[in-house]
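Student: Next up is a structure, given as structure tokens.
What follows is the structure, given as structure tokens:
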């Protein structure tokens with residue numbers, strides 16, 4: 002906003018720069034960009050450089066930088082508006098609200114542009130399914146049931162194989178699963194794979210617990226934040242999912258697919274975590290009669306593990322969980338993920354409809 006009265010040349014320049022920032026942010030939010038262009042110039046060009054630079058220093062810092070950004074941003078905004086309110090009331094000039102309102106819009110636009118630059122444009126890259134030759138006609142009930150037969154068998158067998166073993170802590174996962182994650186990235190054509198990053202505990206953890214959120218990636222500093230109440234056998238998959246986001250797989254189904262592949266590339270415990278997640282997803286998409294059949298085939302150990310997860314989610318606060326899901330759905334749709342939160346389950350399509358996915362289970366029939 003250009004000040005009235007004695008506006009200087011600098012005021013006019015600042016006003017035009019702020020207006021330009023708003024226009025750029027609006028264009029980026031609304032204009033469709035070719036996914037092939039984003040894939041080549043950003044996801045495989047600019048982003049790997051950004052990721053290497055950002056994670057190179059953020060991974061060396063013990064602080065959870067997103068916490069500081071959140072507290073500083075919210076605290077600064079509230080304080081700034083409070084001072085503006087006091088000043089406006091004292092001077093009886095309500096139009097003084099226009100300046101902080103305008104600047105708040107500009108700051109939000111800057112944050113949005115930074116978000117897209119540091120990570121967010123990965124939402125608009127070419128889909129992993131397209132790059133892997135996904136065929137929709139492969140995804141049939143018969144194929145899903147074949148996959149379920151293999152997956153349930155693997156879960157039962159791997160549970161028996163891991164019984165008595167100690168599960169890794171979150172801090173152990175970069176060493177335990179990181180190499181497998183790097184190998185999977187290379188197999189998917191990533192020229193500069195990212196390492197497995199240390200999962201961190203955020204001040205948002207109490208909210209994560211009540212909302213049923215397992216983790217998130219800080220899109221500005223690319224640190225991995227994980228709800229430390231996830232169960233031991235969930236940890237490998239949850240960490241690998243967030244690592245996949247850092248690697249540039251923003252779409253939830255793609256992050257789940259990369260996490261599943263990474264777990265299958267790891268040791269027995271890691272494999273159990275990956276297959277365990279997939280069985281849970283499969284039981285949601287199979288016809289009702291098939292769900293009952295395959296659920297009945299689970300051994301007592303896996304059944305107890307699924308019961309533990311239900312118990313964990315029973316400790317969420319329903320209204321907080323619903324609102325968190327609604328916010329996440331709107332966030333995903335705003336970033337051009339048309340299916341919103343339903344995109345998490347679309348991992349099944351990649352497992353069944355791509356050669357890379359099918360190779361992992363057809364040989365186990």
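In our numbering, the protein residues as written are 2 to 366. All C-beta atoms, glycine included, are put in the ideal place defined by N, C-alpha and C. Quick caveat: nothing in here was measured; it's all calculated off a predicted structure.
1) Helix, strand or coil for residue 201? Go by DSSP, reduced to three states.
2) Based on Cα-Cα distance, which residue from 199, 191 and 37 lies nearest to residue 58?
3) For residue 137, count neighbouring Cβ atoms within 10 angstroms of its own Cβ and tell me buried if that reaches 16, exposed if not.
4) Measure the CB-CB distance between residue 248 and residue 194 and report whether it falls below 9 Å.
5) Tell me which residues share the same chain as residue 317 and place their Cβ nearer than 8 Å to its Cβ, disregarding the 5 neighbours each side in the sequence.
6) Can you tell me whether residue 101 is buried or exposed? The criterion is at least 16 other CB atoms within 10 Å of its CB, across all chains shown.
7) Under 8 Å: do the stretch 141 to 156 and the stretch 61 to 74 share three or more Cβ pairs, one atom per stretch?
8) Quick one: residues in its chain with C-beta nearer than 8 Å to the C-beta of residue 185, no 5 flanking neighbours on either side, listed in chain order?
9) Tell me whether residue 4 sits in a helix, a strand or coil according to DSSP, three-state version.
10) Helix or strand or just coil, what does DSSP make of residue 86?
11) Tell me, to the nearest whole angstrom, how far the beta carbon of residue 232 is from that of residue 309; I am working on the premise that it is less than 8 Å.
12) Can you tell me the Cβ-Cβ gap for residue 253 and residue 345, rounded? I've got them flagged as a contact below 8 Å.
13) Name the DSSP bridge partner or partners of residue 216?
14) So, is residue 157 buried or exposed, given that buried needs 16 or more other C-beta atoms within 10 angstroms?
15) Residue 272 and residue 132 - do their beta-carbons sit closer together than 9 Å?
16) Between which two residues does the alpha helix (DSSP H) containing residue 196 stretch?
17) List the whole-angstrom C-beta distance separating residue 279 from residue 295, where the pair is believed to meet the contact cut-off of C-beta under 8 Å.
Tutor: Let's see:
1) In the three-state scheme derived from DSSP, where H, G and I count as helix and E and B as strand, residue 201 is classed as strand.
2) Ranking the options by Cα distance to residue 58, first place goes to 199.
3) Classification for residue 137: exposed.
4) Their beta carbons are under 9 Å apart, which means residue 248 touches residue 194 by this criterion.
5) Residues of the same chain with a CB within less than 8 Å of the CB of residue 317, apart from the 5 flanking positions on each side, are 210, 211, 212 and 213 in chain order.
6) That one is buried.
7) Because the criterion of three Cβ pairs below 8 Å is not met, the stretch 141 to 156 and the stretch 61 to 74 do not touch.
8) For residue 185, where only same-chain residues beyond five positions count, the Cβ hits under 8 Å are 259, 262, 263 and 266.
9) Unreliable placement is indicated for residue 4, whose pLDDT of 49 sits below 50; no coordinate value is reported for it.
10) Correct three-state label for residue 86: helix.
11) That belief holds up - the Cβ atoms of residue 232 and residue 309 are roughly 6 Å apart, short of 8 Å.
12) The C-beta distance from residue 253 to residue 345 rounds to 5 Å, short enough to fall under 8 Å.
13) Residue 216 is bridged to 227.
14) Buried is the call here.
15) No, the pair does not count as a contact, with Cβ atoms beyond the cut-off.
16) Looking at the DSSP string, residue 196 is not in any alpha helix (DSSP H), and its letter there is neither H nor E.
17) Cβ-Cβ separation between residue 279 and residue 295: approximately 12 Å, too far for a contact (criterion under 8 Å).
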